[in-house]
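Worksheet for the structure shown next.
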Amino acid sequence: MSRRTVNASNAAAVGPYSHATWAGDLLFCSGQTPLDPSTGKLVDGTVADQTRQCFDNLFQVLEAAGLGSDDVVSVNVYLTDMSDFAQMNEIYATRFSSPFPARTTIGCASLPLGARIEIGLAAKRQS
Numbered sequence: 008m009s010r011r012t013v014n015a016s017n018a019a020a021v022g023p024y025s026h027a028t029w030a031g032d033l034l035f036c037s038g039q040t041p042l043d044p045s046t047g048k049l050v051d052g053t054v055a056d057q058t059r060q061c062f063d064n065l066f067q068v069l070e071a072a073g074l075g076s077d078d079v080v081s082v083n084v085y086l087t088d089m090s091d092f093a094q095m096n097e098i099y100a101t102r103f104s105s106p107f108p109a110r111t112t113i114g115c116a117s118l119p120l121g122a123r124i125e126i127g128l129a130a131k132r133q134s
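FYI, the numbering for the sequence shown is 8 to 134, going by the numbering used here.
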């Protein structure tokens, strides 16, 4: 099977991976760290600021695939400090509407480039 991938020119990548890969009608997006695509550097500030940038990057990938936030079915959030959960959750709630996608939030020891958060998601093309 040949891989059908999506890469958004206005989202950064820090390794040898595609921003997303199609599997039938499902789009699996790689985790996005809070990199500013114009500078290639990590966004400074609070975890709320970093959460916004992660979603900005992810939504650029969705747009490149012809999808939007209403097509998201599952989200995985990785936090280096679970005390940041409330700030992340507040921003998360502004990016989706009810019914919300399924979500997993995991505490982890560290993330690439010293990020405090990384977010990945899966979306489905509507028939």
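The C-beta atom is built at its ideal place from N, Cα and C for all residues, glycine as well. Please read these numbers as outputs of a predicted model, since none were measured by experiment.
What is the residue span of the alpha helix (DSSP H) that residue i lies within?
i, result
"Thr-58", "54-71"
"Arg-6", "As displayed, the chain neither begins before 8 nor continues past 134, which places residue 6 out of reach and without an answer."
Check each candidate in the options and name the one with the smallest Cα separation from residue i.
i, options, result
"Ser-76", "Ala-19, Leu-86, Asn-96, Pro-106", "Pro-106"
"Gly-52", "Phe-103, Asp-91, Arg-110", "Asp-91"
"Ala-109", "Lys-131, Gly-121, Leu-120", "Lys-131"
Quick one: give me the first and last residue of the beta strand (DSSP E) that residue i is part of.
i, result
"Ala-122", "Counting along the chain, Ala-122 falls outside any beta strand (DSSP E), and DSSP gives it neither H nor E."
"Gln-39", "33-39"
"Arg-11", "11-13"
"Ala-27", "27-30"
"Arg-110", "109-114"
"Leu-86", "79-86"
Would a C-beta distance cut-off of 9 Å place residue i and residue j closer than the cut-off?
i, j, result
"Tyr-99", "Val-84", "yes"
"Cys-61", "Gln-39", "yes"
"Asn-64", "Leu-42", "yes"
If we count the other Cβ atoms within 10 Å of its Cβ and call it buried at 16 or more, is residue i buried or exposed?
i, result
"Asn-17", "exposed"
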